[in-house]
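Numbering (our numbering), first residue to last: 1191 to 1531.
For glycine and all other residues, C-beta sits at the position ideal for the given N, C-alpha and C.
Notes for the one structure printed next.
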Ligand code: PEP
Ligand code: MN
């Protein structure tokens, strides 16, 4: 249930009303809009009489939310969430409504030279964030598993040298202690429903990029975000990265319709990963344009300075030269979509 309070009521009036609602055993989440305070009730609301609530002098509107997600629901939070991240260059990056965000870098951190060179190149081309995996979820135990803590150290060094904020994947909650200087924690497709991991992320105060699972519905993605948000961490960015289907021409099928669908249902930013969605570097520019045209708030893209010798996902990694060109296209698209870049 979502309750919009009347405009102009005082904080103490709102607090007393929240106390009254909590007596029914529900948890009340508060969202402060431009004019209204909106209350999201989580828990069993069957004991609450909707009619008498509507008649309450502080209440403007009562909405029964049909969807199982509350915190991520646009009904609870009508305005788009914008996440602000202060970079090591003291510039703030905004992720969400009105902005286009580009996160770029290799699938995996390989060497200091590799990540350092790519960091410099993507920053110069205008990327807002450097991506790079240190902990890698590989389908085969015989494949390169990522450099782990050493990879994270190299990525942090690249952040410092190039003064660009970083995003990297967390697979095990035990490693969160190494993530203090990581700007965005990435939760990979394979961990989208690792509920104990999601609950722990709810307790931390770092922005989380949550990738859609290989065979998960949009509702399941939103429910996964709910695990993080109900814990108190509302800085969630959703990522469409393609889903499994019958056609093997591309690595996955990029579900472009998920972008407007999520935006209709939720206030959270949506980022698209054209690299994992297609598995084909030559398709990345076309899918980037399609994603932005469909309303995405940005992209996370794999860029490698030597794709042929990449230790992971070389086939889907674009070169810095292609990335530079792509950034020019993105700039034009940002103008058309009236978004800051
Ligand atoms: C990645 O970003 O390198 C990755 C493993 O992505 P996904 O979880 O979407 O497969
Ligand atoms: Mn990858």
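With the criterion CB distance below 5 Å from any heavy atom of the ligand MN, the matching residues run 1297, 1503 along the chain. Boundaries for residue 1395: no beta strand (DSSP E) harbours it, and the DSSP string shows neither H nor E there.
Between the alpha carbons of residue 1494 and residue 1502 lies a gap of roughly 10 Å. For residue 1484, the shortest separation between its Cβ and any heavy atom of the ligand PEP does not lie below 7 Å. DSSP places residue 1341 in the helix class (H, G or I) of the three-state scheme. At a cut-off of 7 Å, the beta-carbon of residue 1379 counts as near the ligand PEP: some heavy atom of the ligand is closer than that. The Cβ atoms of residue 1208 and residue 1229 lie closer than 8 Å to each other. With a cutoff of 8 Å on beta-carbon distance, residue 1452 and residue 1408 are scored as near each other.
Ranked by Cα distance from residue 1529, the options 1392, 1359, 1289 are led by 1289.
Inclusion of residue 1404 and residue 1434 in the CB contact set at 8 Å is warranted, their separation being smaller than that value.
At least one heavy atom of the ligand PEP lies closer than 7 Å to the C-beta of residue 1463. Under DSSP, residue 1251 forms a beta bridge with 1194.
Put simply, the backbone Cα of residue 1508 is about 8 Å away from that of residue 1474. With a cut-off of 8 Å on Cβ pairs, the stretch 1376-1389 is not in contact with the stretch 1342-1356, counting fewer than three such pairs. With 16 or more other Cβ atoms inside 10 Å of its own Cβ, residue 1478 counts as buried.
Between the stretch 1314-1334 and the stretch 1275-1292 there are three or more inter-stretch CB-CB distances shorter than 8 Å, so the stretches are counted as touching. Per DSSP, the unbroken beta strand (DSSP E) holding residue 1293 starts and ends at 1291-1295. Relative to the non-hydrogen atoms of the ligand PEP, the Cβ of residue 1431 comes within a distance shorter than 7 Å of at least one.
Counting only runs of 4 or more residues that sit fully inside the stretch 1428-1491, the alpha helix (DSSP H) segments are 1448-1455, 1464-1468, 1474-1483, in chain order. Residue 1373 is positioned such that its CB atom lies no closer than 8 Å to that of residue 1429. In this structure, the ligand PEP has no non-hydrogen atom nearer than 7 Å to the beta-carbon of residue 1494. Classified as buried, residue 1304 has 16 or more neighbouring CB atoms from the shown chains inside 10 Å of its CB. According to DSSP, residue pairing for residue 1530 in a beta bridge involves 1289. Here the C-alpha atom of residue 1371 lies approximately 17 Å from the C-alpha atom of residue 1423. When distances are taken from the beta-carbon of residue 1331 to the heavy atoms of the ligand PEP, even the shortest one reaches 7 Å or more. With a threshold of 7 Å, the Cβ atom of residue 1401 counts as near the ligand PEP, since some heavy atom of the ligand is closer than that.
The DSSP-derived three-state label of residue 1401 is strand. For residue 1312, there is no enclosing beta strand (DSSP E); the enclosing alpha helix (DSSP H) covers residues 1302-1315. Taken atom to atom, the span from the alpha-carbon of residue 1368 to that of residue 1361 is near 12 Å.
Taking every protein chain shown into account, the CB of residue 1308 has 16 or more other CB atoms within 10 angstroms, so this residue is buried.
Relative to the ligand PEP, the beta carbon of residue 1318 is positioned no closer than 7 Å to any heavy atom. For residue 1319, the uninterrupted beta strand (DSSP E) run begins and ends at 1319-1321, by DSSP. In the three-state scheme derived from DSSP, where H, G and I count as helix and E and B as strand, residue 1494 is classed as coil. Leaving aside the five residues that flank residue 1298 on each side, the residues in its chain whose CB is nearer than 6 Å to its CB run, in chain order, 1323, 1326, 1336, 1501, 1502. Shortest Cα-Cα distance from residue 1340 to any of 1300, 1248, 1329, 1526 involves 1300.
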